[in-house]
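Participant: Quick one: this structure, given as structure tokens, is what I'll be asking you about.
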Amino acid sequence: MERILIIGAAGQLGSELTFTLSQQYGGDNIIASDLNPKALEKFEYCKTAVLDIMDQDAVRKLVKDQNVKQIYHLAAVLSATGEKNPRFAWQLNMDSLLFVLELAMEFKMDKIYWPSSIAVFGPNTPKINTPQFCVKEPNTVYGISKQAGERWCEYYFQKFGVDVRSLRYPGLIGYKSLPGGGTTDYAVDIYHKAIAGEHFDCFLSAETALPMMYMPDAIKATLDLMHAPKESVKIRSSYNLAAISFTPEDIYQCIKTHHPDFTISYSPDFRQSIADSWPDSIDDTRAREDWGWNHEYDLKKMTEDILRNLPAYLV
Ligand code: NAD
Ligand code: AKB
Numbered sequence: 057m058e059r060i061l062i063i064g065a066a067g068q069l070g071s072e073l074t075f076t077l078s079q080q081y082g083g084d085n086i087i088a089s090d091l092n093p094k095a096l097e098k099f100e101y102c103k104t105a106v107l108d109i110m111d112q113d114a115v116r117k118l119v120k121d122q123n124v125k126q127i128y129h130l131a132a133v134l135s136a137t138g139e140k141n142p143r144f145a146w147q148l149n150m151d152s153l154l155f156v157l158e159l160a161m162e163f164k165m166d167k168i169y170w171p172s173s174i175a176v177f178g179p180n181t182p183k184i185n186t187p188q189f190c191v192k193e194p195n196t197v198y199g200i201s202k203q204a205g206e207r208w209c210e211y212y213f214q215k216f217g218v219d220v221r222s223l224r225y226p227g228l229i230g231y232k233s234l235p236g237g238g239t240t241d242y243a244v245d246i247y248h249k250a251i252a253g254e255h256f257d258c259f260l261s262a263e264t265a266l267p268m269m270y271m272p273d274a275i276k277a278t279l280d281l282m283h284a285p286k287e288s289v290k291i292r293s294s295y296n297l298a299a300i301s302f303t304p305e306d307i308y309q310c311i312k313t314h315h316p317d318f319t320i321s322y323s324p325d326f327r328q329s330i331a332d333s334w335p336d337s338i339d340d341t342r343a344r345e346d347w348g349w350n351h352e353y354d355l356k357k358m359t360e361d362i363l364r365n366l367p368a369y370l371v
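To get the numbering used here, take the position in the sequence shown, counting from 1, and add 56.
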């Protein structure tokens with residue numbers, strides 16, 4: 057039996073991706089792995105493994121014993137947390153990716169998925185409709201690690217034929233788990249405050265526009281890319297991917313139409329300068345042309361869906 061291993065499965069993206077992969081391939085073929093044993097308890101429907109991606113012997117043994125043929129490598133230190141310990145963020149983000157690419161060669165794997173981010177862009181990048189190919193001078197350790205990771209992915213594809221695929225996700229918004237230390241996290245937290253009937257103090261300014269995406273669209277994009285024929289995947293660094301762009305004030309006004317008493321204040325902190333260095337909106341024409349990407353959710357539709365479903369999820 058050939059299996060799919062998800063590394064960092066218990067996080068914001070992994071929690072939802074693991075569920076959909078288990079539906080598509082059957083839970084017995086999916087191994088959800090993470091550092092955090094408690095967080096793995098939610099995966100009743102697939103196999104699980106407590107695994108530190110930096111423990112190379114343990115990962116290699118699992119890959120061999122379980123006949124792993126695909127890896128979704130999601131474990132990373134995100135932008136805001138990365139700035140608190142840059143050396144650690146670099147080590148985890150970079151060493152783990154290189155190790156996974158080496159494993160793919162060693163075990164002749166079918167495919168690897170590794171996410172990049174809009175954090176690869178920097179202050180000298182065109183901010184509006186940021187093109188696929190343009191100046192990238194990221195100024196966070198997270199962005200630098202994602203940019204270097206993209207180069208390594210393309211290198212392993214070109215030199216060694218590793219079928220590694222990647223997307224530059226915008227900020228991902230889901231209600232099924234909490235985010236893990238990013239600059240776009242406010243757009244998840246704000247819904248929790250609105251549902252709880254509490255005031256929301258935003259760590260970005262009212263007018264900070266950022267590219268964002270609702271989690272069901274992100275899962276769809278990921279699996280569309282992974283299921284695309286090899287020859288359709290023409291970009292082997294990472295694809296620009298877009299859905300919605302909005303400011304904190306936009307999302308607040310949208311929530312307020314459902315919760316008229318909801319209040320917001322703005323107290324920008326160190327994350328403001330990270331957000332200021334990122335694009336306002338992304339041109340993802342290549343993803344749409346090469347493998348048929350199309351998003352479904354705009355701000356209004358996403359907000360209605362979250363406000364409808366989040367309360368039951370919190371019980
Ligand atoms: P997250 O922080 O919610 O989850 C990461 C998971 O990795 C956590 O469950 C954590 O316990 C696990 N992990 C950390 N160190 C590990 C280690 N040494 N070994 C094994 N597991 C470890 O992150 P996320 O939001 O789910 O992001 C997943 C990926 O998608 C990351 O690579 C991130 O850079 C990328 N991404 C996310 C977003 C977003 O908005 N969430 C946007 C762009 C890119
Ligand atoms: C972060 O804010 O660090 C992430 C990302 C856009 O990569 N959400």
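Just so you know, even glycine gets a beta-carbon here, dropped at the ideal spot from N, CA and C.
Would Gly-128 pass as a contact of Ile-60 if the rule is Cβ separation under 8 Å?
Facilitator: Checking the sequence shown, residue 128 turns out to be Tyr, not Gly. Yes; because the gap between Cβ atoms is below 8 Å, this pair is in contact.
Participant: Taking His-395 as part of the alpha helix (DSSP H), name the residues at either end of that continuous run.
Facilitator: Any question about residue 395 goes unanswered here, given that the chain covers just 57 to 371.
Participant: DSSP three-state call for Met-268: helix, strand or coil?
Facilitator: Met-268: strand per DSSP, three-state reduction.
Participant: For Lys-183, does the three-state DSSP call read helix, strand or coil?
Facilitator: Looking at Lys-183 - three-state DSSP - the assignment turns out to be coil, as it is neither helix nor strand.
Participant: Within 10 angstroms of the Cβ of Cys-400, are there 16 or more other Cβ atoms? Answer buried if so, exposed if not.
Facilitator: Any question about residue 400 goes unanswered here, given that the chain covers just 57 to 371.
Participant: Along the chain, where does the beta strand (DSSP E) that runs through Ile-87 open and close?
Facilitator: Looking at the DSSP string, the run of the beta strand (DSSP E) that includes Ile-87 is 86-90.
Participant: List the DSSP bridge partners of Gly-227.
Facilitator: DSSP, once it has assigned bridges, lists Met-268 as partnering Gly-227.
Participant: Among Leu-69, Glu-305 and Glu-263, whose alpha-carbon lies nearest the alpha-carbon of Trp-170?
Facilitator: For the residues Leu-69, Glu-305 and Glu-263, the minimum Cα distance to Trp-170 belongs to Leu-69.
Participant: Near Gly-237, what residues of its chain come up, given a Cβ to Cβ distance below 6 Å and the 5 sequence neighbours on each side ignored?
Facilitator: Same-chain partners within the cutoff: Leu-134, Ala-136 and Thr-137.
Participant: Output the distance between the C-alpha atoms of Ala-160 and Thr-181, rounded to the nearest integer angstrom.
Facilitator: Approximately 33 Å between the Cα atoms of the pair.
Participant: How many angstroms separate the CA atom of Asp-325 from the CA atom of Leu-279?
Facilitator: Each residue's alpha carbon lies about 35 Å from the other.
Participant: Do Trp-349 and Ala-175 come within 8 Å of each other at the CB atom, strictly closer than that value?
Facilitator: No. Outside cutoff.
Participant: Please give the ranges of any beta strand (DSSP E) in the region 270-330, keeping only runs that are unbroken, at least 3 residues long and fully inside the region.
Facilitator: Whole beta strand (DSSP E) segments, 3+ residues: 300-302 and 320-322.
Participant: Does the ligand NAD have a heavy atom nearer than 7 Å to the CB of Ala-132?
Facilitator: True, at least one ligand heavy atom lies under 7 Å from that Cβ.
Participant: Does the beta-carbon of Thr-104, which I'm using as the reference point, lie nearer than 7 Å to any heavy atom of the ligand NAD?
Facilitator: Outside the cutoff, so no.
Participant: Give me the Cα-Cα distance between Thr-240 and Met-271, rounded to the nearest whole angstrom.
Facilitator: The straight-line gap from Cα to Cα measures roughly 13 Å.
Participant: Could you tell me which uninterrupted alpha helix (DSSP H) segments, each at least 4 residues in length, are contained entirely in the region 141-205, listed from first to last along the chain?
Facilitator: With a minimum length of 4 residues, the continuous alpha helix (DSSP H) runs that stay inside the region 141-205 are 142-146 and 152-162.
Participant: Are the Cβ atoms of Ser-288 and Cys-209 separated by less than 8 Å?
Facilitator: No; because the gap between Cβ atoms is not below 8 Å, this pair is not in contact.
Participant: When you compare the region 341-359 with the region 149-166, are there three or more beta-carbon pairs, one atom per stretch, that lie closer than 8 Å?
Facilitator: At 8 Å Cβ cutoff, the stretches do not touch.
Participant: Please report the residue range of the alpha helix (DSSP H) in which Leu-77 lies.
Facilitator: Per DSSP, Leu-77 belongs to the alpha helix (DSSP H) from 68-81.
Participant: Taking 6 Å as the limit between beta carbons, can you name the residues of its chain near Leu-91, skipping five residues before and five after?
Facilitator: Excluding positions up to five away in sequence, the list reads Asp-108.
Participant: Just to confirm my understanding: we take Phe-213, look at its own chain, exclude 5 residues before and 5 after, and list those with CB closer than 8 Å. What are they?
Facilitator: Asp-219, Val-220 and Arg-292, listed in sequence order.
Participant: Should Ile-362 and Glu-72 be called a contact, given that it needs their Cβ atoms to be closer than 8 Å?
Facilitator: Going by C-beta atoms, Ile-362 is not nearer than 8 Å to Glu-72.
Participant: To the nearest angstrom, report how far apart Asp-336 and Leu-118 are at their CA atoms.
Facilitator: Approximately 41 Å between the Cα atoms of the pair.
Participant: Could you give the residue range of the beta strand (DSSP E) that holds His-129?
Facilitator: 124-129 is the extent of the beta strand (DSSP E) around His-129.
Participant: If we count the other Cβ atoms within 10 Å of its Cβ and call it buried at 16 or more, is Arg-364 buried or exposed?
Facilitator: Its Cβ having fewer than 16 others within 10 Å, Arg-364 is exposed.
Participant: Rounded to a whole number of angstroms, what is the C-alpha to C-alpha distance between Leu-234 and Gly-217?
Facilitator: Leu-234 and Gly-217: Cα-Cα distance of roughly 36 Å.
Participant: Quick check on the burial criterion: 16 or more other C-beta atoms within 10 angstroms. Buried or exposed for Tyr-198?
Facilitator: Buried, because 16 or more other Cβ atoms sit within 10 Å of the Cβ of Tyr-198.
Participant: Return the residue from the list Lys-140, Thr-359, Val-115 and Gln-188 that minimises the CA-CA distance to Val-156.
Facilitator: For the residues Lys-140, Thr-359, Val-115 and Gln-188, the minimum Cα distance to Val-156 belongs to Val-115.
Participant: Are the Cβ atoms of Ile-300 and Leu-355 separated by less than 8 Å?
Facilitator: Yes, they are a contact pair.
Participant: What residues match up with Leu-366 in a beta bridge as DSSP calls it?
Facilitator: Leu-366 pairs with nothing; no bridge assigned.
Participant: What residues match up with Cys-209 in a beta bridge as DSSP calls it?
Facilitator: According to DSSP, which records beta bridges pairwise, Cys-209 is partnered with nothing at all.
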